[in-house]
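When you read off a place in the sequence shown, starting at 1, and then add 1, the result is the number in the working numbering.
As structure tokens, the structure follows; a few thoughts come after it.
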Amino acid sequence: MDKTYDFIVNLHSRTGKAKEIWESLEEILTKDGVSYRIHITEYVGHATKIAEDLTADDAYHFLVVAGGDGTINEVLNGIRDLSKVSFGYLPLGSANDFARGLHITAEPEVILRQILASETEDAYDLGQVCCGGQTRRFAISAGAGIDAAVCREALTSRLKVFLNRFHLGKLTYGLLTVAELFRAPFVSGKVELTDGRKFHMKNIIFTAAMNFPCEGGGVPMAPSADAHDGKLSACLVYGIPRFLCLCAFPFLIAGKHENIRGFEIVEAEELHVVFDKPMVVHADGEDCGDQTDVTFRCLPGALHMPHLD
Numbered sequence: 002m003d004k005t006y007d008f009i010v011n012l013h014s015r016t017g018k019a020k021e022i023w024e025s026l027e028e029i030l031t032k033d034g035v036s037y038r039i040h041i042t043e044y045v046g047h048a049t050k051i052a053e054d055l056t057a058d059d060a061y062h063f064l065v066v067a068g069g070d071g072t073i074n075e076v077l078n079g080i081r082d083l084s085k086v087s088f089g090y091l092p093l094g095s096a097n098d099f100a101r102g103l104h105i106t107a108e109p110e111v112i113l114r115q116i117l118a119s120e121t122e123d124a125y126d127l128g129q130v131c132c133g134g135q136t137r138r139f140a141i142s143a144g145a146g147i148d149a150a151v152c153r154e155a156l157t158s159r160l161k162v163f164l165n166r167f168h169l170g171k172l173t174y175g176l177l178t179v180a181e182l183f184r185a186p187f188v189s190g191k192v193e194l195t196d197g198r199k200f201h202m203k204n205i206i207f208t209a210a211m212n213f214p215c216e217g218g219g220v221p222m223a224p225s226a227d228a229h230d231g232k233l234s235a236c237l238v239y240g241i242p243r244f245l246c247l248c249a250f251p252f253l254i255a256g257k258h259e260n261i262r263g264f265e266i267v268e269a270e271e272l273h274v275v276f277d278k279p280m281v282v283h284a285d286g287e288d289c290g291d292q293t294d295v296t297f298r299c300l301p302g303a304l305h306m307p308h309l310d
């Protein structure tokens, strides 16, 4: 099959440093005579529109996203038929939890060459969140509560911009989490899993439905999450005083929170969550509004990516 690659590029990732990286990548494409088109994102949500337009013809497409986790989420939600897309990724963001979940550690130039040379594909699960009459796909995680509120804050945070200048952008989420922990409202609710299990929760800190182990710049919410098992791993944190949650924060960062009181990790194909008051909901850090009724669902093997050596 003749391949023409469509690169969807966010030059504003990593506080603009992505532009310099992309220029070096384009030199490789030009030198190697690769057939490609480039689509530069110009505003929030533009990557979704680009992906919608590219996949509207019902043909098979080779897409490569160059950007951060937010750009990935936008593209995933623009693709009309996932079964007709080969989805490559060049990590140019500050958090790069998607790359972390895929165990991608090489430099973008190396990854690009591996994508171009790949002859086979790997299938990965995706997630889907349904709330407020809308449905949104996610690659890494979706959740409600403090983690979602932190994601909302991080989207406009001057702190993140400042820390990115010193290559410390990952610290943003930790610092914002501490602040949000003590100003978030008290909410109760219940969770029902596909196997019939139910959890009645008081004083909810957050519920995080994980497709990969980490979110928020490397925080292992669900250390055993596996994007090949057809399930989501949900981290439910509730029923403990907030100062104790703060004390448990170092264990969460280290991925040693599974046996701490108030931290529950469950696996399910689908989770239905109902809150007694609206809670902030996110999908891969993208704001889904304040909701009281949310369903998190796994989409087994929905994402096809070039196999990387």
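No residue lacks a Cβ here, since even glycine has one placed at the ideal position from N, Cα and C.
Please read all numbers here as calculations on a predicted model, not as lab measurements.
What three-state label does DSSP hand Pro109 in the structure shown?
Residue mapping note: residue 109 aligns to position 108 of the sequence shown, counting from 1. Reduced to three states, the DSSP call for Pro109 is helix.
Over the uninterrupted beta strand (DSSP E) stretch that includes Gly286, give me the two end residues.
Within the sequence shown, the letter at position 285 stands for residue 286. Neither: Gly286 is in no beta strand (DSSP E) and is coded neither H nor E.
Determine the extent of the beta strand (DSSP E) in which Ala143 is found, giving its start and end residues.
On the sequence shown, residue 143 is found 142 positions in, with the first residue counted as 1. Ala143 -> beta strand (DSSP E) spans Ser142 to Gly146.
When you compare only the Cα positions, how much space is there between Arg114 and Arg101?
On the sequence shown, position 113 is the one that residue 114 refers to. On the sequence shown, position 100 is the one that residue 101 refers to. Cα to Cα, the separation comes out at about 19 Å.
Pick out the complete alpha helix (DSSP H) segments inside the stretch 232-268, 4 residues or longer, and give them in chain order.
243-254
So what does DSSP say about Thr296, is it helix, strand or coil?
For the purposes of this step, residue 296 is taken as the residue at position 295 of the sequence shown. The answer is strand: DSSP assigns Thr296 an E or B state.
Counting along the chain, where does the alpha helix (DSSP H) carrying Ser25 start and finish?
Taking the sequence shown and counting its residues from 1, the one referred to as residue 25 is at position 24. Looking at the DSSP string, the run of the alpha helix (DSSP H) that includes Ser25 is Ala19 to Lys32.
For Ile9, write down the residues that DSSP places opposite it in a beta bridge.
Within the sequence shown, residue 9 is the residue found at index 8, counting from 1. His40 and Val66.
With Ala100 as the anchor, note down where its alpha helix (DSSP H) starts and where it stops.
The residue labelled residue 100 in the question sits at position 99 within the sequence shown. Asp98 to Gly102 is the extent of the alpha helix (DSSP H) around Ala100.
If we call anything under 8 Å between Cβ atoms a contact, is His40 one with Phe63?
The residue labelled residue 40 in the question sits at position 39 within the sequence shown. The residue labelled residue 63 in the question sits at position 62 within the sequence shown. No, the Cβ-Cβ distance between His40 and Phe63 is not below 8 Å.
Determine, using beta-carbon pairs with one atom in the stretch 273-289 and one in the stretch 187-198, whether at least three such pairs fall under 8 Å.
yes
Cα-Cα separation, Ala140 to Val220
Looking up residue 140 in the sequence shown gives position 139. Looking up residue 220 in the sequence shown gives position 219. Rounded to the nearest angstrom, the two C-alpha atoms are 15 Å apart.
If you reduce the DSSP assignment to three classes, tell me which class Leu93 lands in.
Along the sequence shown, one-based indexing puts residue 93 at 92. Coil at Leu93, not helix or strand.
Cβ neighbour criterion (16 or more within 10 Å) applied to Arg198:
Locating residue 198 in the sequence shown gives position 197, where the first residue counts as 1. So Arg198 counts as exposed.
How big is the Cα-Cα spacing for Thr56 and Arg137?
As a first step, residue 56 must be located in the sequence shown, where it is residue number 55. As a first step, residue 137 must be located in the sequence shown, where it is residue number 136. Going by the C-alpha atoms only, they are around 17 Å apart.
Between the Cα of Phe244 and the Cα atoms of Gly34, Ile51 and Glu181, which residue gives the shortest distance?
As a working note, residue 244 is residue 243 in the sequence shown. Closest by alpha carbon: Glu181.
Where does the unbroken alpha helix (DSSP H) through His1 begin, and where does it stop?
What the structure shows of the chain is the stretch from 2 to 310, and residue 1 is not part of that stretch, so it cannot be assessed.
Judging by CA-CA distance, which residue of Glu75, Gly68, Ala124 and Gly290 is the nearest neighbour of Pro279?
Start at 1 with the first residue of the sequence shown, and residue 279 comes out as number 278. Closest option to Pro279, Cα to Cα, is Gly290.
Please report the Cβ distance between Phe88 and Asp70, rounded to the nearest whole angstrom; I am assuming they are in contact, meaning their Cβ atoms lie under 8 Å.
Taking the first residue of the sequence shown as 1, we reach residue 88 at position 87. Taking the first residue of the sequence shown as 1, we reach residue 70 at position 69. Their Cβ separation, rounded to whole angstroms, is 14 Å, which puts Phe88 and Asp70 out of contact at 8 Å.
Assuming contact is defined by CB atoms lying nearer than 8 Å, are Leu91 and Asn11 in contact in what I supplied?
Locating residue 91 in the sequence shown gives position 90, counting from the first residue. Locating residue 11 in the sequence shown gives position 10, counting from the first residue. It is not a contact, given that the beta carbons lie outside the stated cut-off.
What does DSSP give as the partner residues of Ser87 in its beta bridges?
Working through the sequence shown from its first residue, we reach residue 87 at position 86. Beta-bridge pairing links Ser87 to Phe63.
Across the stretch 122-131 and the stretch 48-55, are there enough close Cβ pairs to call them in contact, namely three or more that are closer than 8 Å?
no
Measure how close the beta-carbons of Phe207 and Gly146 come, nearest whole angstrom, since I'm counting them as under 8 Å.
Counted from its first residue, the sequence shown places residue 207 at position 206. Counted from its first residue, the sequence shown places residue 146 at position 145. Going by Cβ atoms, the distance from Phe207 to Gly146 rounds to 3 Å, so yes, they are a contact pair.
Counting only the same chain and skipping the five closest in sequence on each side, list residues whose C-beta sits under 6 Å from that of Ile80.
As a position in the sequence shown, residue 80 is number 79, starting the count at 1. Closer than 6 Å at the Cβ level, and outside the excluded window around Ile80, lie Ala52, Thr56 and Val86.
Does the distance from the C-beta atom of Ala249 to that of Ile261 stay below 8 Å?
For the purposes of this step, residue 249 is identified with residue 248 of the sequence shown, where counting begins at 1. For the purposes of this step, residue 261 is identified with residue 260 of the sequence shown, where counting begins at 1. Yes, these two residues count as a Cβ contact at 8 Å.
Cβ-Cβ separation, Leu309 to Ala124 (assumed contact under 8 Å), whole Å
As a working note, residue 124 is residue 123 in the sequence shown. As a working note, residue 309 is residue 308 in the sequence shown. No, Ala124 and Leu309 are not in contact; Cβ-Cβ is about 14 Å, not under 8 Å.
For Leu247, is the classification buried or exposed, using 16 other Cβ atoms within 10 angstroms of its Cβ as the cut-off for buried?
Position 246 of the sequence shown, counted from the start, is the residue given in the question as residue 247. Leu247 is exposed by the Cβ-count criterion.
Looking at C-alpha atoms only, which residue of Val238, Gly231, Ala235 and Ser189 is the closest neighbour of Leu300?
Translated into positions along the sequence shown, residue 300 becomes position 299. When each option's Cα is compared against that of Leu300, the closest is Gly231.
Relative to the alpha-carbon of Pro242, which residue among Pro186, Ile29 and Gly134 has its alpha-carbon at the smallest distance?
Counted from its first residue, the sequence shown places residue 242 at position 241. Selected option, being the one with the closest Cα: Pro186.
Of the residues Thr106, Gly240, Leu30 and Ile254, which one's Cα is nearest the Cα of Thr5?
Counting from 1 along the sequence shown, the entry for residue 5 is found at position 4. Per the Cα distances, Leu30.
Closest to Phe183 by CA distance: which of Phe200, Met202, Val151 and Ala210 is it?
What you label residue 183 is simply residue 182 of the sequence shown in a count that begins at 1. Per the Cα distances, Val151.
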